[in-house]
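Okay, so here's the structure we're looking at.
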Amino acid sequence: MVWLLAVLILGLWGSWAGPAWNPQPMTNLIVPSTSSTEVTSAVDTPELGTYEVRETIHDVPREHGEPMRVTLREPVGAEGQRPGVVFLHGTGTSTHEAFAEHATWLASTGIVTAVPDKNLDGYSTLARDYESLADGYHDVAKWLRSQPSVYERDVGYYGESEGALIAPISTVRDPRTAFLILVSDPVMPIREQGALAADTYLREIGAPKQLYLAIPRLISGAIADGNFAYANFDPSPYHRKITVPVFMAYGTRDISMPIVQGPIMLARDLAEANNRSLLVRYYDGADHGLRIDGELQSAPYRDIADFINGLPSSVYVSDIVAGAQPRQDYVAQTVDTPRWFGSGHAMLVTLAAGVTLTIVGAGLLIVGKLPVGARQNYQGVGRPMVTSSAAILLTWVVFIVYVVALAELALSYETNRWVVQGGWLILQILALGAVYLLVRALRIWRANRMETRWAAVSLFILTAGQTLLLFALAYWGVYPSVLN
């Protein structure tokens, strides 16, 4: 009975202690007017591969900071001055050697492309300055306009993934921007988009519902310490100032992005600037970055090239939304702020303290039984207490291994019921068993008073460590709760 009560307390604590997670079904729909993604215009536009491409490397001076290395690709033999586009990096790329295939395809249709190095000053996993990054790309756009092959009034920005959060800043700050291309755009703060992505990944692999509690707790806990502040960056204020034509592209298998909610939000924001020049394209089977099985698809870049080369008519005579039918099951929601003990640092301190106290307490018990000095008599409590401490430490190891295994399955778009369901069953058996063993050890202790202070202190330290570890484990939803 005491064991069951302890489990219920841990379950209730787990439900109450951190932010809840209850995303609502996506009720708004986007229905493409045609399955063809092709962009039409009032003029003939070159096809992919029309021109040979010349590639040169340049060091572009910046208004503030060191020069940026840029790869310039120009169509050979194209008549007159041509449109130009600056590529903005996502999280996975950072050098002027990136976007080689993307930029070459566009250049082969008569568009001059510039791929700069990402300014990595102050750019890390913990901190990023999107506005400073935008200024660097703006400097590249200024330089691109000065090239003899470029028509200075027809230069725009291409932002992919994280770069699509930065591109609107450059667009708004650069009054000479002619167009904006957004590929795999989060649209919303990473804090919300990341939570939606995690939720979708867990649903895709059939993860236990209790684990969904970890989504807001992990994300908000990391941000609560002041790290990852860029995850709160909201591009909407910049969207509301964009007045140029926008082309937006997603793959229908991009489960990390709000592929339905995002375009709806962007269209609403653009309307505040009286801008209805938005084309949205969905590419069947493509995932993040418009790839299928890791291979970049050419069709999106045919359409992007036709959009740019056909401006201004391309945005008016083309279908507004076209391509495959997108699907987004749940709405991205705001992630609540955790309580003080739910911050990343607090959780790490709690876990470290629990492990330290457990190991130190177990060590004191073992030392007390050695034939050195006064041997301690633990009245039959020592072995059960050490056993329970080993059980809770093992449970934590299994929990960490299980979470890593789920992450690997999710990121590889794979499912494995033996790992997902079987691993969860093993984890819960271990977690419940750890509580039972601790309650049993405490019951024996209660019935057998310690004869020395050393013995009592050793047991107290060990109990405190295990209690911290159990409550820390409950925070992540491992124990069943009547509130769920």
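Numbering (this note's numbering), first residue to last: 134 to 617.
Each residue gets a CB set at the ideal place from its N, CA and C atoms; glycine is no exception.
Model, not experiment: these values are computed from the prediction.
- Judged by their CB atoms, L315 and V379 are nearer to each other than the 8 angstroms cut-off.
- For the 8 angstroms CB-CB criterion, A139 and V537 do not form a contact.
- For Y608, DSSP assigns no beta-bridge partner whatsoever.
- Contact between the stretch 255-273 and the stretch 231-239 is absent: fewer than three C-beta pairs spanning the two stretches fall below 8 angstroms.
- A Cβ-Cβ distance of about 7 angstroms is found for the pair V552 and L542, placing them in contact under the 8 angstroms criterion.
- Per the coordinates, the alpha-carbon of T520 lies some 13 angstroms from the alpha-carbon of L592.
- Excluding sequence positions up to five before and after S294, its CB lies within less than 8 angstroms of the CB of G223, T224, G225, V316, S317, D318, P319, H421, G422, all in the same chain and listed in chain order.
- As computed with DSSP, P158 is found in a beta bridge with Y463.
- Contact between Y345 and L335 holds: their C-beta atoms lie close to 6 angstroms from each other, under 8 angstroms.
- Apart from the 5 residues on each side of it in sequence, S169 sits with its Cβ closer than 7 angstroms to the Cβ of A455 in its chain, given in chain order.
- Taking every protein chain shown into account, the CB of W149 has fewer than 16 other CB atoms within 10 angstroms, so this residue is exposed.
- Burial is judged here by how many other beta carbons sit within 10 angstroms of a residue's own beta carbon; P249 has at least 16 and is buried.
- Under the DSSP assignment, F380 falls in the beta strand (DSSP E) whose first and last residues are 379-384.
- For E199, no alpha helix (DSSP H) segment is defined, and its DSSP state is neither H nor E.
- Annotation: the continuous alpha helix (DSSP H) that includes E405 extends over 394-405.
- Annotation: A605 to A404 spans about 47 angstroms, alpha carbon to alpha carbon.
- For G289, the enclosing beta strand (DSSP E) begins and ends at 283-293.
- Secondary structure note for E264: its alpha helix (DSSP H) is the uninterrupted segment 263-278.
- According to DSSP, R206 shares a beta bridge with E188, T246.
- Under the 10 Å beta carbon count, T304 is surrounded by 16 or more other beta carbons and is classified as buried.
- Looking at the DSSP output, I425 sits in a beta bridge with E428.
- Take the alpha-carbon of V413 and the one of L565: they are about 50 angstroms apart.
- For Y416, the pairing in a beta bridge is given by DSSP as G384.
- Under DSSP, no beta-bridge partner is assigned to R550.
- Here G147 is not near Y449, since their CB atoms are 8 angstroms or more apart.
- Per the DSSP secondary-structure output, F220 pairs in a beta bridge with Y291.
- Cβ neighbours of G556 within its own chain (closer than 7 angstroms, five residues either side excluded): Y535, A538.
- Residue pairing by DSSP puts R215 in a beta bridge opposite V283.
- Looking at the DSSP output, I314 bridges to Y291, F380.
- T173 has its alpha-carbon roughly 26 angstroms from the corresponding atom of R278.
- Cβ neighbours of R286 within its own chain (closer than 8 angstroms, five residues either side excluded): R309, A311.
- Look at G182 here: in three-state DSSP terms it is coil, with no helix or strand label.
- The three-state secondary structure of G456, taken from DSSP, is strand.
- Exposed is the label assigned to L481, since fewer than 16 other Cβ atoms lie within 10 Å of its Cβ.
- Looking at P322, S241, A419, the one whose alpha-carbon comes closest to that of F366 is P322.
- Spatial neighbours of T167 in its own chain (CB-CB distance under 7 angstroms, excluding positions within 5 residues in sequence) are listed in chain order as D452, A455.
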